[in-house]
Structure formats: C-alpha cells, structure tokens
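Some notes on the structure that comes next.
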Amino acid sequence: MQFTVTDQGDGIAVVHIMGRLNMVTAPRLREVVAASVAAGQNRVAVDLSDVDFIDSSGLGALIGGLKVTRQAGGDLRIAAPNEQVRLVLQLTNMERVLTAYPAASSAFHG
Amino acid sequence: MGKPVRPARSAAHLLLVRVAVLVTVALGANYILWRWFFSLNWDAWWIAVALVLAETYSLIDVALFGLTMWRARERELPTAPAADLTVDVFITTYNEPVEMVRRTALAARGIRYPHSTFILDDGNRPEMREAADQLGVGYITRGADWQNRPLHAKAGNLNNALMSTAGEFLLILDADQVPLPQILDHTLGYFADPKIALVQTPQVFENVGAADPLGSQAPLFYGPIQQGKDGWNAAFFCGSNALLRREALMQLGITRYVLEMERAVTRALTGAARVLARAGRADDAQDPFVQAALHEVGAAISDTRAAIAAGETIGPATYTLQNRITAVSRDLVAVDLHLLTLDLAVIAELQLETDAASAIPAHSLELLAARDLSPLGALESVQVLLRSIDVDRADEAQPLMPLATISVTEDMATSMRLHGLGFSTVYHHETLAIGLAPEDLGTMLTQRLRWAQGTMQVMMRENPLVQRGLTLPQRLMYFSTMWSYLSGYAALVYFAAPAVFLCFGILPVNTTALEFFLRFLPFMIANQLLFILSSHGISTWRGQQYSLALFPVWIKATTTAVANVVFHRPLGFAVTPKTRQEGAAPWHLIRPQIIVAIVLVVATIIGVTRLALGVGEPIGTFVNLAWVVFDLVILSVLVPAARYQGFTPKETSR
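These protein sequence lines map, in sequence, to chains C and V. Letter 64 of the first sequence, counting from 1, is numbered 46 in the working numbering, and no numbers are missing. For any residue, its number in the working numbering is found by taking its place in the second sequence, counting from 1, and adding 1364.
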C-alpha cells in the first residue's frame, strides 16, 4: 500500500494509490487529502488505476475527502477504476455521486 | 440463563407450539368476529367500540407473537473463528461513574480473542481519559467537527469512533455490561458467512434478585422472542452486547449517504427555484445588473436540474452549480455594495435559521420561501441553501452516519436497514456479558420511555411495513415490536370497561353469559397455553404485568414521538442514569396508575352495593369484579417497585 502525491499546479494534486483501499488504509487517504488541502491544493484527483480492491471504508474515505475539498471550495474526483472498484461503486450507488474519469491527469480538464 | 447455548429443543415441541398458534388464532378470530358483528352493544357504543378495538388490538398482538414463535430457532455454537480477524471493542459512556467504566474496560481488555479496546467517552472527562491510559486501552471523544452540529447521542458516539478505528468487527458494550472472556470466541465464528452483519447476545443483569421488582430481566425477549425473530432472519440489534461487521455498517453508511444526497439536492434545487421566483417579482429587481444575475442563477439551477434528470452524477453537477453561483454573487457584490448592506441583517438572520434547521431541510425551505428578501438577499440565501445541502453534508459532523440517527434508539433502525440491504443477523442465546439494571423506579421509567419513544420514532420515520428490501416476515417482525408498544391505549380500555359496568350497569357486550364464555374462554385458554409453551418454563408474569401497568409510559411515548416526528418538537430525551437515584418512594411517578386503582376500588364498592340493592345484574357483576381483581393484581406490581430500595446481594446466593 502506497500513496504518491503529485502537484499538478493550479491548485490541483493527483493522489496515486497502489494496492488495497480498505478499512486499514482508508484513514491514510483521509490524511493525505487533508494535507493536500492544507497545502492549498483543494482540487484532488484520486488515481485508482493501481487499486486492486476497495471496500466501503475506502469509499468512506473518498466521501470524507470530497467533504474536505468542497469545504475549501475545491473538489475531489476519481479516475481509472478497475472492474472490482467499478462494481463496488455500482453496488453502493456511489456512481451517482462520483463520476469516474478516464485519467487522473485530465480529471480537472474535462 | 447464564448457561451455554442449550441443546436444541425437540421438533415435537416446535410442532406443539405451531398447533397452539393455529388454534389460538382460529379461536381468537372466531371470538373477535362474533364480537364485532353479533354482540356489540350499540346503545353504549362509546365503550363498546373502544373495547372491541382494544380486543382486536390484542388479537393482532397475539397473532404476531404466534408468527414470531412459528420458527423459533436454537442455534448451536458456531465453529471456532479464524485466528486472524481484527476486532475493536467499543465501550460507550456518557455520564456513568469512572469506576463502572473501568470495571467494564478491565473485563474487555481481558477478552481472550485478540482485539483492541476503546472507551468512547461522550462526556469528554479527563479522569476517564486517565483511567483509559492506566488500563492501556484506547480513548475516543468527539472531534471539533461535531461542534455546533447534531450529536445524535449514542449513534453519533459510535459513528465518530468508526471513522478513527479499523477493526473488521466491532463489539459494542454499554458502560455497565461486563463481558466474559469467551465472548468473541463464541460469536465471531458466525461471520464466516459474509452475509452475516450482526450477532446479538442477551442482556442480563447481576444486580437483580429473583423477585425482580422493576422487571429488569427480559427473559422472554432475550430468549423465545429474539429466537423467533432469528428464525425469520429478523433478530435485531439491541444496542449492547452485540457484534457488528464493519463492512456492512460502512456499506449502509455509503448507500444512505447517496440516497440522502440525492434527496437533499433535488429538494434544494426546487426550493432555490422558488425563492428566486419570489425575488424576481420584488421592486428593486428591475435593476439591470440584478436582472442579469437573477437570470444567470435561474439558468444555472435549471441547467443543473436538467443535467441530473439526464443522469449526470450529483458530484460534478453541484460543483458546476456552486461555481456559477459564486461567480454571480461576486460580480454583484462588486457592483452594488449598497444593496448588500441593506440585506446583511436579513441574511445573517436567515443563515442562523437555516443552520439551526438544517437537519430538516424541508422546514428551512419553508422559512426561506416565506421571507421577504430583496433580490440580492435571495441570491445569497439560495447560495446558503445550496451550500448547506451540498454533497459535503455540511450540516452533519461527518458525511457518513452508518448507525441510524433517525431515532433515540439507533439500534433497531440500524438492523432494519441492514436487513433491507440484504444482510443477515444472528441471535446467539448465551449470556456473554453481565450488566447493571436500574435500581429505582424513576430510572426504570425513564429507560422504558426512551425505548418506547425510539421504537415509535422508527415506526413513523421508516415504517417497516413499507420498507423495500425486507421480506414480508421481516416486516412483520419489526412491526410486531412496534405494535406491542401501542398497548397503553388498550390497557386504558381494559381498566375502564369493568369500572363503567360496576358504576353504571352499562355492558359493552350485548349477549348472554353462556354465549360469551363459550367463545371467550376457549380463546383465552389457548392463548395462555401458547404463552406457556413458548416461554418454555421461563417466568413471564413480570413482563405481562408491566406491559399493562406502564400504560402511561407507552401513551406518553406515542404522543411525544408523534409530536417529535410530525411537529419537530424535542422528545425531552434523557440518558438513563446507571446509578440509583436516592430518595423516598416516588409515588408521584405513578400517579395515573394510583388514580386508576382508586377508581377500580370505588367501582367495586359501587358494584357490590348495586348488587345488594338488587339493581346490579349478578353474573355481569361477578365477571366484572373478577376483571377488576385481575386489573388490580396487574397494577400491584408497582407497589414493591416504588418502595424498592435497591439491590442487596444475599451472602447465601453468592
């Protein structure tokens, strides 16, 4: 499990997650997003392309991040989910709240 | 209780119970149809109809009880759990003595299966933190996010802790519930089935003698009734001594979040369009800048509604909307500071009101629409409105509320929603934690009132009969518990009817004694037989007494819950004190029951006098006198309850 944060300029940060986004790693994602907003990057794109498993706690962390960024006037977007992640988004109806963008780098330039 | 899971009851016993159910319901239907269609005394319709309604209520209650017993199941001990599960033990506390919580935490720390223990202190007490540190257990309190937002009592306390812990399974314990070391070993095994979301174990109390004057032990509920519900996959969460699967709770939190966001956004957009339409008609709306701005916001709102209707996700849709409205207000502010200052007072006031009422957005919409705002004020207030119900759920401390917050008893509502999502639950009939019951009448009454109010809130906010995702038996099992809390009104009729006859000679039933007993007695006997068979040797008399004797509590619960749900009045919610409230016997708490008892005694005297004078009808008088005696025996449970001085353990019984 690994988080990489890339500053894209213009207040945009890309958070790349590797591995499982579950109840164990979800708190870490919340911290990363909060830190990014604190550093002035309130538009956060979460790159899910290398996430091979997500559970409801992982989704919870995404919603938590959405709240933090929105309150700072920004936004949180997700990109490139694999099949399992897409399925979970569907099952929980989360796809009605978050659009999955094709790539993190272009999530805020669509 | 206190024994391990008992050997399964015989199939023959279950068959016997089912026969008793069928016979009871058939005889009950025979009786009640005759009562409705052939024996109503229309001359005294006011008491006749009241009585037959009460009797119908009771028959439905019995039928639901029969359905509960139909598949009562005794589970065997589950297989031993895998060794690598992660478990968090949560001890919830608000104002209980530190010593009590320390005792529970110590026992929780000693649970055999590997786990982490946390004290969830809603009282935020330094001495509690110190105790937790000394014991080496975790300590969790509400963070800054909860300031000035709804706290949601125990549900909020648990939801807060869920966000800062990571165990796959959660054991929930009230501050007084001391767990046994094997509690996890005996229950985690059920979760091998990924559909299982909850394992509930009984709540029993050590500070209660055999007489149990306050009716604290609930052996019928934590026994045949929960086992019966379990048979229909409807065993429900009772707030403590239960294990929950985190993934199920979180999934519940997510789906509820999505549902509530969709509703809130739709409602906000409708409301905003309404406020805007009003503003457009105001005098100073003729200013060209204002006109342009109103037009732009109107367009933004209708674009958003169209986009959402066309299937756009609400995240991006609201984001775009926010940005457009922010841009408009910025331009306007720059252009016309004059208008803004005029409106500042109104806006500030409005903001206050929307914040305070944001838990009920429909209500705040009314407020907004009723306001006379100038156009700029309207823009600002539209923005306030949209902000307050954006996807960030700014009105709540955290966007996810896995434990239901619609009721003061979060437990039942939560398990009903879990069932609605397709999860299963288990009732494990083995005492694995031992708690402390209230030791005085006042505390006991507060506790019962809270349970009843909570149940009524759920019934009105999310009536199980119409919840999607539940099977029909599941709906009926939840409904059954709610139905039983309506007994206060029936009890009132059962007290009034004999008094009315004895005093005035008015019979609500128009028949001969023979005809009445021919229909009534078989039903009554079958009913009692069903009760004896189902309870399987457990004493249920205390429970029967209290279900009638506490009628003022049940009535108060329904009226306050209606006032709360429909008219948004506070419930006057109180946390149940776990320590005894000192003082003289609190007779004032049971004044309605004392009045009823006096009325019944006076009615007896009048009835006997009427009989002696030859005015009263003999058979009717004897039947009603017997009825009065039954009522008085029921009410008599309150005498030792009011005089109860608390529990003193006997040396010999220890």
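Note that CB positions come from ideal geometry on N, CA and C, so glycine has one too.
An exposed status is given to residue 1570(V), since fewer than 16 other beta-carbon atoms sit within 10 Å of its beta-carbon. With respect to chain C, the C-beta atom of residue 1679(V) has a partner C-beta closer than 8 Å.
Interface residue (Cβ-Cβ distance to chain V less than 8 Å): residue 15(C) is not classified as such.
DSSP places residue 1851(V) outside any beta strand (DSSP E); the residue lies instead in the alpha helix (DSSP H), whose first and last residues are 1851 to 1868. Remark: fewer than three beta-carbon pairs, one from each stretch, lie closer than 8 Å, so the segment 1611 to 1620 of chain V and the segment 1582 to 1592 of chain V are not flagged as touching. Within the same chain, 1785 come within 7 Å of residue 1615(V) by CB-CB distance, once the 5 residues on both sides are set aside.
For residue 1475(V), the secondary structure class from DSSP, reduced to helix, strand or coil, is coil.
Proximity of chain C to residue 1530(V) at the Cβ level (cut-off 8 Å) is accounted for by 5, 6, 8, 9 and 39, in chain order.
Segment contact: the segment 1835 to 1847 of chain V against the segment 1908 to 1915 of chain V, fewer than three CB-CB distances shorter than 8 Å; contact not assigned.
The beta carbon of residue 1970(V) lies closer than 7 Å to those of 1866 and 1867 in the same chain, with the five residues before and after it left out. When DSSP assignments are scanned along the segment 1541 to 1614 of chain V, the uninterrupted stretches of beta strand (DSSP E) that are 3 or more residues long and fall wholly within it turn out to be 1560 to 1564 and 1606 to 1609. For residue 1824(V), the enclosing alpha helix (DSSP H) has its first and last residue at 1805 to 1825.
Judged by their CB atoms, residue 1585(V) and residue 1555(V) are not nearer to each other than the 8 Å cut-off. Relative to residue 1879(V), the option among 1677(V), 1446(V), 1385(V) and 1984(V) whose CA is nearest is 1984(V). Inter-residue distance for residue 1799(V) and residue 1542(V) is about 6 Å (C-alpha atoms, whole angstroms). Residues are counted here when their Cβ sits less than 7 Å from a Cβ of chain V; for the segment 46 to 58 of chain C these are 46, 48, 49, 52, 53 and 57, given in chain order. DSSP, read as helix, strand or coil, puts residue -10(C) in strand. The residues 1657, 1660 and 1661, in chain order, have a CB closer than 6 Å to that of residue 1692(V) in the same chain once the five nearest residues on each side in sequence are set aside.
With contacts defined as CB atoms closer than 8 Å, residue 1453(V) and residue 1472(V) qualify as a contacting pair.
Around the beta carbon of residue 2009(V), fewer than 16 other beta carbons sit within 10 angstroms, so the residue counts as exposed. Secondary structure note for residue 1480(V): its beta strand (DSSP E) is the uninterrupted segment 1480 to 1485. By the rule that beta-carbons nearer than 8 Å mark a contact, residue 1758(V) touches chain C. Chain C has no Cβ within less than 8 Å of the Cβ of residue 1767(V).
Secondary structure note for residue 57(C): its beta strand (DSSP E) is the uninterrupted segment 57 to 61. Its chain contains 1412, 1871, 1872, 1873 and 1874 as the residues whose beta carbon lies nearer than 7 Å to that of residue 1405(V), once the 5 sequence neighbours on both sides are disregarded; these appear in chain order.
For residue 1961(V), the CB contacts under 7 Å within the same chain, skipping 5 residues up- and downstream, are 1996 and 1999 in chain order. For residue 1425(V), the uninterrupted alpha helix (DSSP H) run begins and ends at 1409 to 1434, by DSSP. Where residue 1784(V) is concerned, there is no enclosing beta strand (DSSP E), although the alpha helix (DSSP H) around it starts and stops at 1774 to 1784.
Scanning chain V for C-beta atoms nearer than 8 Å to the C-beta of residue 77(C) yields 1677, reported in chain order.
The beta carbon of residue 15(C) lies closer than 6 Å to those of 26, 47 and 50 in the same chain, with the five residues before and after it left out.
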